[in-house]
Amino acid sequence: MTASQALIFPEPAIAGQWIAVGTMAELFDQGDCAGVQVGGRKVGLFKVDDELFAVDDICTHGNALLSEGELDGYEIECPLHAGAFDLRSGKALCSPLLKNTRCHLVKIEDECVFVQLVSPEA
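So, in structure tokens, the structure goes:
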């Protein structure tokens with residue numbers, strides 16, 4: 001596999017591995033939404049009260065960054081067309097969204113945030 005292929009298809013190389021993406025202070029110094037790269041994949045991180053959620057950061061409809069959207073409870077609204085996803089399940093909640101987004105595993109250890117990508121088949 002070439003380096004460019006690894007960036008396009010990162011899951012086989014890092015699926016199942018916990019990847020450190022930053023500290024809580026670094027990631028959420030500007031609010032409750034943050035975008036990071038994990039193995040070449042854009043992942044949105046969202047803080048709701050004491051919980052943390054990770055989903056694919058690209059909207060399944062308009063290719064906008066969900067981490068730049070509006071967070072309302074457990075829903076993230078796409079900044080482009082106002083479609084919303086449930087962060088707990090990735091479910092598309094309203095039009096124009098037709099496809100759910102993928103949720104990833106996330107954990108916090110000693111204030112450091114770790115993400116584990118979920119493969120497309122999961």
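Counted from 1, the sequence shown has number 112 at position 112 by this note's numbering; the numbering is strictly sequential.
The beta-carbon is built from N, C-alpha and C at its ideal position, and this holds for glycine as well.
Quick caveat: nothing in here was measured; it's all calculated off a predicted structure.
Residue burial is scored here from C-beta neighbours: S119 has fewer than 16 other C-beta atoms within 10 angstroms and is therefore classed as exposed. Relative to R88, the option among H104, S95, K42 whose CA is nearest is H104. DSSP assignment within the segment 4 to 91 yields the following whole beta strand (DSSP E) runs of 3 residues or more, N-terminal first: 19 to 23, 33 to 38, 41 to 48, 51 to 56, 70 to 72, 75 to 77, 84 to 86. Assignment of K99 by DSSP, reduced to helix, strand and coil, places it in the coil class. According to the DSSP assignment, C112 belongs to the beta strand (DSSP E) that extends over 112 to 116.
Between the C-alpha atoms of H81 and G62 there is a straight-line separation of about 7 Å. DSSP, read as helix, strand or coil, puts L93 in coil.
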